[in-house]
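Everything on this sheet refers to the single structure shown next.
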Amino acid sequence: MQHYLYLIPALPLLGFLVLSMAGKRLSRNLIAGIGAGSICVSALIALITSASFLQSPPATGAYRQVLWHWFVTGHLSADVSLRMDALSLVFICIITFIGALIHIYSIAFMREDRDYARFFASMNLFVCAMLTLVMADNLVLMYLGWEGVGLCSYLLIGFWYETPANYRAANKAFVITRIGDTAMIIGLFLLFKELGTLYIPDILAKAPQQFSSGAHTITLIALLLLSGGIGKSAQLPLQTWLPDAMAGPSPVSALIHAATMVTAGVYLIARMHTLFELSPIAMQVTAIIGAVTLFIAGCSAMVQTDIKRILAYSTISQIGYMFLALGVGAWSAAIFHFFTHAFFKALLFLAAGAVIETLHHEHDIFKMGGLRKKMPVIFYTFTIGAAALAALPLVTAGFFSKDQILWYAWSANGGHPVLWALALMGAFITAFYSTRLILVVFWGEMKTTPGHLPGNAMTIPLVILAFFSVAVGWIEWPHNIMHVSLFSELVQQALPTTIMKGDLPHEIVFQFIAVVVSLLGIYTGYVLYYGQSELLMRWKQSDGLMNVRHFLYKGWKFDQLYDMLLVRPFMFITGINKSDVSDKLYTAIANANLYLNRIFSVSQNGSLRWYVTGVLIGILFIITLQLLL
Amino acid sequence: MSTLHAHTVLIVAAILFVLGLAGVLTRKNIIFMLLSIEIMLNAAGLAFVAAGSRWQQPDGQVMYLFILAMAAAEVSVALALVLQIQHQHKTLDVEELKELKD
């Protein structure tokens, strides 16, 4: 089966090539067929390959396919070679499967857009780049995918580039992720300098022999790689690009948030887990960044009014959970949360896109309302997604994954009560804003009359995603409730098991607290936005609370902070050197030429007689010279 | 038939050439300037013929034929230009034709 591995990224690439070369000449149906079809076939191949992988796992633990030698310089040789082990299997399946559903949804969603072919071409390239990232077996090829993902996010966030805000958002996303990318490539250079290889299995094998635990070099490398992950995964302090990235079409947001792009950081850290395990400091930093990010982003999500910005902040917050889990060493819990999150976040974004489209591009949730009866399919699927986000106990996938992370945040070797408390507060906030979102959008009185309702092509992917948002949780139960752990058994073929602390309280206590907290969050949302909205009105009167609200609404004013700390000083420095000093020499040369030109152009006076005299003088000069010499 | 010394002929050629040159430099009318150029060409041809007879070689006369052919071509092009100039500017005074000035 591994001979077909190359088809998984190659088909989307083929789709991209066909659509970008001949997209203008193809009919809309053909474009949709190529764009969505390539991903669907790729998903099918991925699923079949995974099935054969699960049935008879290869002896080496991974399928590998070397396609060709990319380049060899000195000691560095990079192959274009693909690898599928248990970790990348999870990512490949999510990327292709959810990617395929998003593409099918887009066929209907983008139907009216004039750049139909450009949209599908960019989407295909996006999926291809992400697949390259997760399937690469050396870091050079992985970096190619990594940058490809950055490029495609730029293309798609700025898809409607006529609006200035959109291309600014695209630039912002590109520049901010670039900061992380730069740190990451320096990390790769260091890694190559120290270990002499960028082949991933070699790195994982050599690193423990080369470095002692906690050595400075390995800490530096791990922190640099972490910075790369932070940039792509929109964690503190590089999280500001993601809320603005909502400028793109809704399917793009779904693809960025669920299947591609933001999970790249999680994948990188999980892939390089040996390096992180060797550096306790890097692990702690990862956990702290995750915990703080999930709290900060959650707070911002509570007060947003744009439906897509709420979801964007909730993504930052959920990725924060994954980073927290990675940081405390709960590898499989992080990947499991990625797995469940992909389904319900794709579902939420696609459903939000359907709501926005039906309400004539209305983004403000307070101008929605009362859609429960009008669009029942969207309502039910959206509610399932929001329930999974809020981690509604036992019936949703989000509960199983988040509960694991909460438990490990306390009990794993790197865990700490403070991290657990932050994660718990995050769980409360998540439940609160999910409830708020549902109540404000679907209950109450109707404020905007819905237009044309979405068709089957848009609702069927939603139903499928809703089914999985519930069902995928059941493959991994908490140890003390039921002994089903299919997911962690799979992932632990590639990742180490979680090391636990000694003498711990009963897990059931923590589960109980987590359940109570998320229910409490839902109840608070219910009370404030459905039961007693007078309380909310009273809060709105108070200036202090409104200032806090504004502060959170602006995402803790990180944009303003960066503007003050980085952008303004930079503009100031460039302002000083406006008349570029190093340019002086070159402008001087140009000016001298202009001056000489002005002098000599006097001689071009149009008089034929003058020219003849000139020629004559020249001839006499040459003849005299000949006679003299 | 008295023999001419080559340098006598060359002096005549030089005088002719200078006369032509003076014509080009002083005349205002384009047609007269063209005539002067013809005189200069003939001066050069005469010099070639004189040199050919001095060394008893046919090259001088061959060169004269070339000069003749070139002069014919030059005149035909130049007269066509003169016609056009007259047609467009209603004058043949070179002092007036200064449109190519910078």
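These protein sequence lines are chains A and B, in that order. FYI, the numbering for the first sequence is 124 to 752, going by our numbering. FYI, the numbering for the second sequence is 15 to 116, going by our numbering. Built from N, CA and C at the ideal position, the CB exists for glycine as well.
Asked: Relative to the C-alpha of Ala377 (chain A), which residue among A:Gly388, A:Thr416 and A:Ile280 is closest?; Found: A:Ile280
Asked: Considering only the beta carbon of each residue, do His539 (chain A) and Val451 (chain A) sit closer than 9 angstroms?; Found: yes
Asked: Figure out for me which residue from A:Ala393, A:Ser440 and A:Tyr436 has the closest Cα to the Cα of Val415 (chain A).; Found: A:Ser440
Asked: Helix, strand or coil for Asp236 (chain A) per DSSP?; Found: coil
Asked: Quick check: is the beta carbon of Met84 (chain B) nearer than 9 angstroms to any beta carbon in chain A?; Found: no
Asked: Strictly by DSSP, which residues pair up with Trp191 (chain A)?; Found: A:Val203
Asked: Apply the 10 Å Cβ neighbour rule to Lys468 (chain A) and answer buried if 16 or more other Cβ atoms are within range, or exposed otherwise.; Found: buried
Asked: Measuring only the C-alpha atoms, how far is Phe80 (chain B) from Ser705 (chain A)?; Found: 59 angstroms
Asked: Taking only beta carbons into account, state which residues of the segment 718-739 of chain A come closer than 8 angstroms to chain B, listed in chain order.; Found: Ser724, Val725, Gln727, Asn728, Gly729, Ser730, Leu731, Arg732, Val735, Thr736 and Leu739
Asked: Which of the residues in the segment 101-114 of chain B, read from start to end, lie with their CB under 8 angstroms from any CB of chain A?; Found: Val108, Glu109, Leu111, Lys112, Glu113 and Leu114
Asked: First and last residue of the alpha helix (DSSP H) that includes Ser173 (chain A)?; Found: Arg151 to Gln178
Asked: Measure from the alpha carbon of Asp367 (chain A) to the alpha carbon of each residue in A:Val195, A:Ala435, A:Gly521 and A:Ala509, then state which is nearest.; Found: A:Ala435
Asked: Here's the rule I'm using: 16 or more other beta-carbon atoms within 10 Å means buried, otherwise exposed. How should Trp191 (chain A) be labelled?; Found: exposed
Asked: Taking the alpha helix (DSSP H) that Pro287 (chain A) belongs to, which residues open and close that run?; Found: Pro287 to Leu318
Asked: Is the shortest distance between the beta-carbon of Leu33 (chain B) and the beta-carbons of chain D less than 9 angstroms?; Found: Any reference to chain D falls outside this structure, whose protein chains are A and B.
Asked: Please state whether DSSP places Thr196 (chain A) in a helix, a strand or coil.; Found: strand
Asked: Taking the alpha-carbon positions, what's the Asp202 (chain A) to Leu321 (chain A) distance?; Found: 10 angstroms
Asked: Which whole-angstrom value is the C-beta distance of Gly443 (chain A) and Ala420 (chain A), which I expect to be below 8 angstroms?; Found: 6 angstroms
Asked: In or out: Trp269 (chain A) buried (at least 16 other Cβ within 10 Å) or exposed?; Found: buried
Asked: Check the Cβ-Cβ distances between Met77 (chain B) and every residue of chain A, and say whether any is below 9 angstroms.; Found: no
Asked: Using a Cβ-Cβ cut-off of 8 angstroms (strictly less than) and excluding sequence neighbours within five positions of Lys42 (chain B), which residues of its own chain qualify?; Found: Asp107, Val108 and Glu109
Asked: Under three-state DSSP, which class holds Met258 (chain A)?; Found: helix
Asked: Is the distance from the Cβ of Leu267 (chain A) to the Cβ of Ala259 (chain A) below 9 angstroms?; Found: yes
Asked: What in chain A is Cβ-close to Leu39 (chain B), meaning under 7 angstroms?; Found: Arg732, Val735 and Thr736
Asked: Could you give the uninterrupted runs of the alpha helix (DSSP H) lying entirely in the segment 385-466 of chain A, keeping only those of 4 residues or more?; Found: 387-394, 396-400, 403-426 and 430-450
Asked: Cβ of Ser440 (chain A) within 8 angstroms of any heavy atom in the ligand NAD?; Found: What this structure holds is no ligand at all, so the ligand NAD is not there to describe.
Asked: In whole angstroms, give me the CA-to-CA distance for Ala86 (chain B) and Ala64 (chain B).; Found: 22 angstroms
Asked: Would Gly74 (chain B) and Glu52 (chain B) qualify as a contact pair, given that the criterion is a beta-carbon distance under 9 angstroms?; Found: no
Asked: In three-state DSSP terms, what is Tyr129 (chain A)?; Found: coil
Asked: On the three-pair Cβ rule with 8 angstroms, is the segment 384-393 of chain A touching the segment 330-344 of chain A?; Found: no
Asked: Short of 6 angstroms in beta carbon distance, which residues of its chain neighbour Gly222 (chain A), apart from the five on each side in sequence? Order them along the chain.; Found: Ile162, Val250 and Ala382
Asked: Exposed or buried, Asp304 (chain A), counting other C-beta atoms within 10 Å across all chains shown (16 or more means buried)?; Found: buried
Asked: Find out if the Cβ-Cβ distance for the pair Gly337 (chain A), Ile404 (chain A) is shorter than 9 angstroms.; Found: yes
Asked: Under three-state DSSP, which class holds Asp626 (chain A)?; Found: coil
Asked: For Gln188 (chain A) and Ser204 (chain A), which I take to be in contact (beta-carbon distance under 8 angstroms), what is that distance rounded to the nearest angstrom?; Found: 6 angstroms
Asked: Could you check what DSSP says for Gln749 (chain A) in three-state terms: helix, strand or coil?; Found: helix
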